[in-house]
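Mapping to the working numbering: the sequence shown position 157 is 251, numbers consecutive.
We treat Cβ as the ideally placed atom computed from N, Cα and C, and that holds for glycine.
Predicted model only: the values in this text are computed from it and were never measured.
Please read the structure below before turning to the comments.
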Amino acid sequence: MSDTLPSTMQAIVAREPGDASVLVLAERPVPQPGPGEVLLRVLAAGINRPDIMQRQGIAKPAPGVTDVLGLEVCGEVVACGPGVDTALRGTRRMALVPGGGYAPWCVAAVDHSFAVPARLSDAAAAALPEGLFTVWHNLFELGRLSMGETALIHGATGGIGSLAVQMAHAAGCTVIATASDEARFADLKAMGADLAVCWPTTDFVQACLDFTGGRGVDVVLDIVGGDYVRRNLQAMAFGGRHVSLSFMQGSAVTVELLTLMQRQLSLHSSTMRPQTHAEKARMAQAISRHVLPLLASGRIAPRLHARLPLAQAAQAHTLLESGQVFGKLVLEP
């Protein structure tokens, strides 16, 4: 590591499980890159719902992973671990990390990171990695969404949902997006949604069936859980694939197996954090081939709701939990 770097830093941790007020700045050692890793001077860090779950004590870092929050960053490479090309020094990388993003310095596996397209700002790049991996794996690998099919994207105004709308549209698919406010419909349609549904006032099941001529949708990307799963199945076409990312209305779900069997529906679910290093590296290669060119051309882009100083992480979490965020929140050291 460079001799010019300090040995310690101020980073955001949760002093105990709880609400946003438990987030505090605490002294932590500046990490050192191991084999296959780079040390990034963090330029911006994205905020994600798994960060909230970690703060609440629902999800915990894997053994050996820092307690500093943050799963995605954009940063400048300031040091390279063994086996990493030193030509990367001074370049910008956006990376999916197992933790440590809410800090001035963060270590990232080089094969879980990407060169930042020149057109992207630091904040925009930081808002992408978690979404890129999540949408690619769930919508296109587990959900097997392909050109000409129809996808129902719940939570379309969130960071994951808004990226999913764009990626599905870019893949030549029809997109139905749900949102809580009709005021967001124009923006969703500009991102590629063919139909926007206001879920508090409209039956999204009937809306999907009407829009598809009674056929239903091929893939559902769901963050809600609870009773939504049963309703999602009603909106699906024969052979449809249901992919669960989260469970904001509860993880306990009851489904009728006969319905799945007769209509050949399938249920899938995943979360990114427990994926193996090799699996994440494989996904990164696929994203580099299929999605990064779309980012470089501007065909897809993250939507930024707000940028806040690192010290205001608690305010950022409160804002995300309010349900008023359209797109992503980013922290800047």
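Query raised in the report: Is the stretch 253-271 in contact with the stretch 223-235, if contact means three or more CB pairs nearer than 8 Å?
Result: yes
Query raised in the report: Roughly how many angstroms lie between the CA atoms of PHE332 and SER364, to the nearest whole one?
Result: Walking along the sequence shown from the start, residue 332 turns up at place 238. Walking along the sequence shown from the start, residue 364 turns up at place 270. Just so you know, the alpha carbons of PHE332 and SER364 end up roughly 22 Å apart.
Query raised in the report: DSSP three-state call for HIS399: helix, strand or coil?
Result: The residue given as residue 399 occupies position 305 in the sequence shown. Three-state DSSP puts HIS399 in a strand.
Query - Buried versus exposed call for SER96 [16 or more other C-beta atoms within 10 Å across all chains shown] - result: Position 2 of the sequence shown, counted from the start, is the residue given in the question as residue 96. Any reading at SER96 needs caution, since the residue's pLDDT is 48, under 50, leaving its predicted position unreliable; the model's value is listed next. Result: exposed.
Query raised in the report: Hey, GLY242 and GLN260: beta-carbon distance below 7 Å or not?
Result: Here residue 242 refers to the residue found at position 148 of the sequence shown. Here residue 260 refers to the residue found at position 166 of the sequence shown. The answer is no: Cβ separation not under 7 Å.
Report task. Have a look at GLN148 and THR348 and give me their C-alpha separation to the nearest angstrom. Result -> Residue mapping note: residue 148 aligns to position 54 of the sequence shown, counting from 1. Residue mapping note: residue 348 aligns to position 254 of the sequence shown, counting from 1. Taking the straight line from one Cα to the other gives about 27 Å.
Query raised in the report: Less than 7 Å separating the beta-carbons of PHE279 and LEU289?
Result: Here residue 279 corresponds to residue number 185 of the sequence shown, with the count starting at 1. Here residue 289 corresponds to residue number 195 of the sequence shown, with the count starting at 1. For PHE279 and LEU289, no; Cβs fall outside 7 Å.
**Report entry** Inter-stretch contact (C-beta, 8 Å, three-pair minimum) for the stretch 95-112 and the stretch 383-395
**Finding:** no
**Report entry** Cutoff 7 Å; reference ALA380; Cβ partners in own chain excluding five residues on either side
**Finding:** Walking along the sequence shown from the start, residue 380 turns up at place 286. Counting only residues of its own chain and dropping the five nearest sequence neighbours on each side, ALA380 has a CB closer than 7 Å to the CB of TRP230.
Query raised in the report: Whose C-beta lies closer than 8 Å to the C-beta of LYS428 among residues of the same chain, with five residues either side of it excluded?
Result: Limits of the chain in this structure are 95 at one end and 427 at the other, which puts residue 428 out of reach.
Query raised in the report: Among residues of its own chain, excluding the 5 on either side of MET330, which ones have a beta-carbon nearer than 7 Å to its beta-carbon?
Result: Translated into positions along the sequence shown, residue 330 becomes position 236. Cβ within range, chain order: GLY310, VAL311, VAL314, HIS336 and LEU359.
**Report entry** Closest Cα partner of VAL116 within the set THR412, ALA173 and GLU276
**Finding:** In the sequence shown, counting from the first residue as 1, residue 116 sits at position 22. The residue with the shortest Cα to Cα distance from VAL116 is THR412.
Query raised in the report: Can you list, in chain order, the residues of its chain whose CB lies under 6 Å from that of ALA400, leaving out five sequence neighbours each side?
Result: As a working note, residue 400 is residue 306 in the sequence shown. Answer for ALA400: LEU423, listed in chain order.
Query raised in the report: Terminal residues of the continuous beta strand (DSSP E) containing GLU170?
Result: Here residue 170 corresponds to residue number 76 of the sequence shown, with the count starting at 1. GLU170 -> beta strand (DSSP E) spans 166-174.
Query raised in the report: Alpha carbon to alpha carbon, how far is HIS248 from THR98?
Result: As a first step, residue 248 is located in the sequence shown; it is residue number 154 there, counting from the start. As a first step, residue 98 is located in the sequence shown; it is residue number 4 there, counting from the start. Annotation: HIS248 to THR98 spans about 47 Å, alpha carbon to alpha carbon.
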